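Number of protein chains: 2
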Amino acid sequence: MTGAYRTKEAAPQPVRHAVRGRRITSYDVARAAGVSQSAVSRCFAAGASVAPATRQLVLKVAHELGYRPNALAQGLISGRTNLVAVLISSLTNLYYPEVLAELTHRLTARNMRVLLFALNAESDVDAVLDQVFRHSVDGVICAARLSDKQVRLFNDHRVPLVLYNRAAPSASSVSCDSAAGEHELVGKLLAAGHRRFGLIAGPEDSSVGEDRRRAVLECLAQAGIADPPMVRGDFSYESGARGLRRLIEQGGSFDAIVCVSDLMAIGAIDAGRHEFGLRAPEDISVVGFDGSGPATWASYQVTSIRQPVRRITEAAVSMLTDRIDDPTLPAERRLFSGEFIAGASARLK
Amino acid sequence: MTGAYRTKEAAPQPVRHAVRGRRITSYDVARAAGVSQSAVSRCFAAGASVAPATRQLVLKVAHELGYRPNALAQGLISGRTNLVAVLISSLTNLYYPEVLAELTHRLTARNMRVLLFALNAESDVDAVLDQVFRHSVDGVICAARLSDKQVRLFNDHRVPLVLYNRAAPSASSVSCDSAAGEHELVGKLLAAGHRRFGLIAGPEDSSVGEDRRRAVLECLAQAGIADPPMVRGDFSYESGARGLRRLIEQGGSFDAIVCVSDLMAIGAIDAGRHEFGLRAPEDISVVGFDGSGPATWASYQVTSIRQPVRRITEAAVSMLTDRIDDPTLPAERRLFSGEFIAGASARLK
Chain W
82 MTGAYRTKEA APQPVRHAVR GRRITSYDVA RAAGVSQSAV SRCFAAGASV
132 APATRQLVLK VAHELGYRPN ALAQGLISGR TNLVAVLISS LTNLYYPEVL
182 AELTHRLTAR NMRVLLFALN AESDVDAVLD QVFRHSVDGV ICAARLSDKQ
232 VRLFNDHRVP LVLYNRAAPS ASSVSCDSAA GEHELVGKLL AAGHRRFGLI
282 AGPEDSSVGE DRRRAVLECL AQAGIADPPM VRGDFSYESG ARGLRRLIEQ
332 GGSFDAIVCV SDLMAIGAID AGRHEFGLRA PEDISVVGFD GSGPATWASY
382 QVTSIRQPVR RITEAAVSML TDRIDDPTLP AERRLFSGEF IAGASARLK
Chain P
82 MTGAYRTKEA APQPVRHAVR GRRITSYDVA RAAGVSQSAV SRCFAAGASV
132 APATRQLVLK VAHELGYRPN ALAQGLISGR TNLVAVLISS LTNLYYPEVL
182 AELTHRLTAR NMRVLLFALN AESDVDAVLD QVFRHSVDGV ICAARLSDKQ
232 VRLFNDHRVP LVLYNRAAPS ASSVSCDSAA GEHELVGKLL AAGHRRFGLI
282 AGPEDSSVGE DRRRAVLECL AQAGIADPPM VRGDFSYESG ARGLRRLIEQ
332 GGSFDAIVCV SDLMAIGAID AGRHEFGLRA PEDISVVGFD GSGPATWASY
382 QVTSIRQPVR RITEAAVSML TDRIDDPTLP AERRLFSGEF IAGASARLK
């Protein structure tokens, strides 16, 4: 009776009991099904040979135990982890979260997983690069600044890389055409008769910000306006408000403020409106760049260039997966035109 | 001469040449160093025994070849992957990106990596849960809605789980106290004499939105105001603007609009200001919830409850890592009070 009692107690969940407190592995399934561990592995590997009866038994036992084949182990065996590292600066995500959301959706739709690295500053890549390589990711999308040396590391490690909104020699990249966008914006302001320009630029370590700053200065120089007053912000609302304040306090008198991001333009519009009684566009024209959500809000309606985020993220993901499938593909740079948004924050005639 | 020529060509990079086109593994290092693969593994494992001379040789060869121990392989061996899955809805991230940025920084600071799952809708969890479990993550932080059955799956798989801004029986969770916050906001509106309330609630599948909606209705019912006019939005600016429009078009006349998120409050303020000539707070009081960035902008200054995001994310990460270290810890629910922000969008006396 004692023996029968023990059996009765133990029978319903012999393996569950044995593995309590840790995860169920292919070895547990093999033991419960009375087959080898390699037979279990073969049942979950695409195209592997295994007898139909064995497969049926293994799948049944695996289901009963709640076993799932380990994606990491499968990745190590197949050489494909389906992990893609996304490197993005916190600022990019705080002020432009659509980029990360779109990238994640598009990668998920292709059965890839996102390993997220959020950097404090764009120049902070070194701190995470070692971790990126150690996780055997299939590829990397980088929306943070990489040095040429860092780009070469990706080549050395044979990890496909696509740069987002920045370019580097010998690296694949997708970007919105900052130069063309600023030329369009500043050109329209010049055509409408603006002459007293102020510039609110981005941080020095932002390649997007610097691309835009250079384009604005070049465009103004072509019109005979050299070295307009300039301050730097960090793309935030607060830094845009502070930027306008500093430009005005430095004694400047402006008819147009060019901000290299929409959030800084919104900050400048608010500082003008609430601190200096300057209405945009009646008293001062303010333009931004990005076409981000708040720029379209009724209280701002920022005159801007809208980045085609969906097209750019789709291009980034398809270029990356192409290079994961065929690492011999040459690097490619794709440049997308932004769309002019007339808005209502700048006088355009 | 032919033999010498061949040797001369091959000598500088004998292993690099052999592994061109794929990543360098511990087997490549073992071959180049003339030791066994397990010796290479031991050199990179904490506390493993290996002769000093062997270690020195292996580390030198590994460095020359650019070999890095594989984090996934180490994770499979040790049972710790240092991966944490973060489940977040796109809407949460689009309208409140600070949460993901803070979680990622805090996890990175603890040497954990974020495996990001962005859901289209809060109720979309089933689609990703299988992938979460298959990646052997050490734990999960979930800012999307889980059913009780889904919560039990985490227990069954022995994967520590912390819910973010929502609670479930037998699950650990961190939340901002929605009910207390709404009671404070609505209480102040009532005390200032408001009686004609309209409510802009969230989507039905958002537990945060529903918590807030219930609290608002309860608070109004206690003051004798039953079934105030209500519309639902999706937390976006546009849905807040549409919400005010619909409330007014339904023939309502309001002295206070309670929105369960700041972005909807901003949309309602803008629709009132630009479409109906209703200024907040002179003509209508509008309150929100969250204390998100745009709510503090000079053109809005939303009267609101600010979630203590840093404290909540810090609590989520430390509760999770505690449970990864000791899976026997009991579930714990932590509720953080929000901070009242007077703002300037509601008449409070």
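So the sequence lines, in the order shown, correspond to chains W and P. Be aware that the first sequence starts at 82, since it is given in this note's numbering, and climbs by one per residue. Be aware that the second sequence starts at 82, since it is given in this note's numbering, and climbs by one per residue. No residue lacks a Cβ here, since even glycine has one placed at the ideal position from N, Cα and C. Predicted model only: the values in this text are computed from it and were never measured.
Q: Kindly say whether F316 (chain P), judged by its beta-carbon, lies nearer than 8 Å to any beta-carbon of chain W.
A: By one-based count along the second sequence, residue 316 (chain P) stands at place 235. False, the Cβ-Cβ gap to chain W never drops below 8 Å.
Q.
Please list, in chain order, the residues of the region 184-197 of chain P that have any C-beta partner in chain C closer than 8 Å.
A. Absence of chain C from the displayed structure is noted, the protein chains being W and P.
Q. Who are the Cβ neighbours of L429 (chain W) in its own chain at under 6 Å, not counting the five residues just before and after it?
A. Taking the first sequence and counting its residues from 1, one reaches residue 429 (chain W) at position 348. In its chain, beyond the 5 residues on either side, K269 and A273 have a beta carbon closer than 6 Å to the beta carbon of L429 (chain W).
Q.
Applying the 10 Å Cβ sphere with the 16-neighbour rule, what's the burial state of R360 (chain W)?
A. Within the first sequence, the letter at position 279 stands for residue 360 (chain W). The residue is exposed, with fewer than 16 neighbouring Cβ atoms inside 10 Å.
Q: Provide the residue(s) that pair with L340 (chain P) in DSSP beta bridges, ordered along the chain.
A: Looking up residue 340 (chain P) in the second sequence gives position 259. Position check: residue 340 (chain P) holds Cys in this sequence, whereas Leu was assumed. Here C340 (chain P) is bridged, per DSSP, to P:I281.
**Q.** 8 Å Cβ cutoff met for V218 (chain P) and A166 (chain P)
**A.** Locating residue 218 (chain P) in the second sequence gives position 137, counting from the first residue. Locating residue 166 (chain P) in the second sequence gives position 85, counting from the first residue. Judged by beta-carbon spacing, A166 (chain P) lies within the 8 Å limit of V218 (chain P), meaning their Cβ atoms are closer than that value.
Q | Beta-carbon proximity of E293 (chain W) to E263 (chain W), cut-off 8 Å | A | Here residue 293 (chain W) corresponds to residue number 212 of the first sequence, with the count starting at 1. Here residue 263 (chain W) corresponds to residue number 182 of the first sequence, with the count starting at 1. Reading off the sequence shown, one finds Arg at residue 293 (chain W), where the question assumed Glu. Against a cut-off of 8 Å, the Cβ pair of E263 (chain W) and R293 (chain W) comes out as a contact.
Q) So S171 (chain W) and A190 (chain P) are in contact, right, with Cβ under 8 Å, and what is the actual spacing, rounded? A) Taking the first residue of the first sequence as 1, we reach residue 171 (chain W) at position 90. Taking the first residue of the second sequence as 1, we reach residue 190 (chain P) at position 109. Going by Cβ atoms, the distance from S171 (chain W) to A190 (chain P) rounds to 13 Å, so no, they are not a contact pair.
(Q) Using only the alpha-carbon positions, how far apart do R313 (chain W) and P284 (chain W) sit? (A) Locating residue 313 (chain W) in the first sequence gives position 232, counting from the first residue. Locating residue 284 (chain W) in the first sequence gives position 203, counting from the first residue. Straight-line Cα distance between these residues: approximately 6 Å.
**Q.** Which listed residue (W:P241, W:G290 and W:Q118) has its alpha carbon closest to that of A412 (chain W)
**A.** Mapped onto the first sequence, residue 412 (chain W) falls at position 331. Considering only W:P241, W:G290 and W:Q118, the residue with the shortest C-alpha distance to A412 (chain W) is W:P241.
Q. Residues of chain W with CB under 8 Å from R215 (chain P), in chain order?
A. The sequence position of residue 215 (chain P) within the second sequence is 134, counting from 1. R149, P150, N151 and A152, listed in chain order.
Q | As assigned by DSSP and simplified to three states, the class of R187 (chain W) | A | If you number the first sequence from 1, residue 187 (chain W) lands on position 106. Correct three-state label for R187 (chain W): helix.
Q | Cut-off 7 Å between Cβ atoms - residues of its own chain near T394 (chain P), not counting five sequence neighbours on either side | A | To locate residue 394 (chain P), count along the second sequence from 1; it is residue 313. Within the same chain, Cβ atoms closer than 7 Å to the Cβ of T394 (chain P) are found at V180, E183, L184 and R187, the five residues on either side in sequence being excluded.
Q) Quick one: Cα of R149 (chain W) to Cα of A427 (chain P), how far? A) Residue 149 (chain W) sits at position 68 when you count from the first residue of the first sequence. Residue 427 (chain P) sits at position 346 when you count from the first residue of the second sequence. Approximately 54 Å, taken between the alpha carbons.
Q. Is the region 242-255 of chain P in contact with the region 214-230 of chain P, if contact means three or more CB pairs nearer than 8 Å?
A. Counting C-beta pairs with one atom in each stretch, the region 242-255 of chain P and the region 214-230 of chain P have three or more that are closer than 8 Å, which means they touch.
Q. What is the DSSP secondary structure of D371 (chain W), counted as helix, strand or coil?
A. Counting from 1 along the first sequence, the entry for residue 371 (chain W) is found at position 290. Here D371 (chain W) sits in strand by DSSP.
(Q) Does the CB of N174 (chain W) have a neighbour CB from chain P at under 8 Å? (A) Taking the first residue of the first sequence as position 1, residue 174 (chain W) is located at position 93. Residue-level contact by beta carbon holds for N174 (chain W) and chain P, with a gap shorter than 8 Å.
(Q) Here's the rule: buried if 16 or more other CB atoms are within 10 angstroms of the residue's CB, otherwise exposed. What is Y381 (chain W)? (A) Mapped onto the first sequence, residue 381 (chain W) falls at position 300. In summary, Y381 (chain W) is buried, with 16 or more beta-carbon neighbours lying within 10 Å of its beta-carbon over all protein chains present.
Q) Helix, strand or coil: which one does DSSP assign to E420 (chain W)? A) Locating residue 420 (chain W) in the first sequence gives position 339, where the first residue counts as 1. Note: E420 (chain W) maps to strand in three-state DSSP.
Q) In this structure, does DSSP put G268 (chain W) in helix, strand or coil? A) Position 187 of the first sequence holds residue 268 (chain W). G268 (chain W) falls in the helix class under three-state DSSP.
Q.
Mapping the DSSP letters down to three states, classify V116 (chain W) as helix, strand or coil.
A. On the first sequence, residue 116 (chain W) is found 35 positions in, with the first residue counted as 1. Here V116 (chain W) sits in coil by DSSP.
Q) First and last residue of the beta strand (DSSP E) that includes M313 (chain P)? A) Locating residue 313 (chain P) in the second sequence gives position 232, counting from the first residue. Checking the displayed sequence, the identity of residue 313 (chain P) turns out to be Arg instead of Met. M311 to R313 is the span of the beta strand (DSSP E), which, as asked, contains R313 (chain P).
Q) Who are the near neighbours of M400 (chain W) in its chain, counting only those whose CB is closer than 6 Å to its CB and skipping five residues on each side? A) Position 319 of the first sequence holds residue 400 (chain W). So the qualifying residues of the chain are V243 and S253.
Q) Is the beta carbon of R277 (chain P) sitting closer than 8 Å to the one on S366 (chain P)? A) Your numbering for residue 277 (chain P) matches position 196 in the second sequence. Your numbering for residue 366 (chain P) matches position 285 in the second sequence. Not a contact, by the Cβ cut-off of 8 Å.
Q: Tell me V255 (chain P)'s beta-bridge partners as DSSP assigns them.
A: The residue you call residue 255 (chain P) lines up with position 174 of the second sequence. Under DSSP, V255 (chain P) takes part in a beta bridge, and its partners are P:Y245 and P:R415.
Q | Neighbourhood of F421 (chain P) by C-beta distance below 7 Å, restricted to the same chain and skipping five residues each side | A | Here residue 421 (chain P) refers to the residue found at position 340 when the second sequence is read from its first residue. Excluding residues within five positions, the ones whose Cβ falls inside 7 Å are E265 and I386.
Q) Whose CA, out of P:P362, P:L175, P:P250 and P:R136, lies closest to the CA of H275 (chain P)? A) Here residue 275 (chain P) refers to the residue found at position 194 when the second sequence is read from its first residue. Ranked by Cα distance from H275 (chain P), the options P:P362, P:L175, P:P250 and P:R136 are led by P:P362.
Q) List, in order along the chain, the chain P residues whose C-beta lies closer than 9 Å to that of L181 (chain W)? A) On the first sequence, position 100 is the one that residue 181 (chain W) refers to. Those within 9 Å of L181 (chain W) in chain P are N174, P178, L181, L197 and A199.
Q) Okay, do the region 338-353 of chain P and the region 316-326 of chain P touch, 3+ Cβ pairs below 8 Å being the bar? A) Short answer: they touch.
(Q) Could you check whether L146 (chain P) and V209 (chain P) sit closer than 8 Å to each other, using their CB atoms as the reference points? (A) Working through the second sequence from its first residue, we reach residue 209 (chain P) at position 128. Working through the second sequence from its first residue, we reach residue 146 (chain P) at position 65. No, the Cβ-Cβ distance between V209 (chain P) and L146 (chain P) is not below 8 Å.
Q.
So that I know if they touch, is there some Cβ in chain W lying closer than 8 Å to that of A211 (chain P)?
A. Counted from its first residue, the second sequence places residue 211 (chain P) at position 130. Note that residue 211 (chain P) is Asp in the sequence shown, not Ala. It does: the Cβ of D211 (chain P) has a partner Cβ on chain W nearer than 8 Å.
Q. Residue ranges of each beta strand (DSSP E) run of no fewer than 3 residues wholly in the region 132-191 of chain P, ordered along the chain?
A. At a cut-off of 3 residues, the continuous stretches assigned as beta strand (DSSP E) that sit fully inside the region 132-191 of chain P are 164-170.
(Q) Counting only beta-carbon separations shorter than 8 Å, does H98 (chain P) have a partner in chain W? (A) Here residue 98 (chain P) refers to the residue found at position 17 when the second sequence is read from its first residue. Caution applies to H98 (chain P), whose pLDDT of 35 falls short of 50 and renders its modelled position unreliable; the value that the coordinates give is listed next. So no, H98 (chain P) is outside the interface.
(Q) Counting only Cβ-Cβ distances shorter than 9 Å, please list the residues of the region 348-362 of chain P near chain W, keeping chain order. (A) From the region 348-362 of chain P, only G348, I350, D351, A352, R354, H355 and E356 have a Cβ closer than 9 Å to chain W.
Q) Since G220 (chain W) is in the beta strand (DSSP E), which residue starts that stretch and which ends it? A) Counting from one through the first sequence, the residue named residue 220 (chain W) turns up at place 139. Following the DSSP letters along the chain, one finds G220 (chain W) inside the beta strand (DSSP E) bounded by residues G220 to A224.
(Q) Considering only their Cβ atoms, is the gap separating L138 (chain W) from L197 (chain P) smaller than 8 Å? (A) Taking the first residue of the second sequence as 1, we reach residue 197 (chain P) at position 116. Taking the first residue of the first sequence as 1, we reach residue 138 (chain W) at position 57. No, Cβ-Cβ distance for L197 (chain P) and L138 (chain W) is not below 8 Å.
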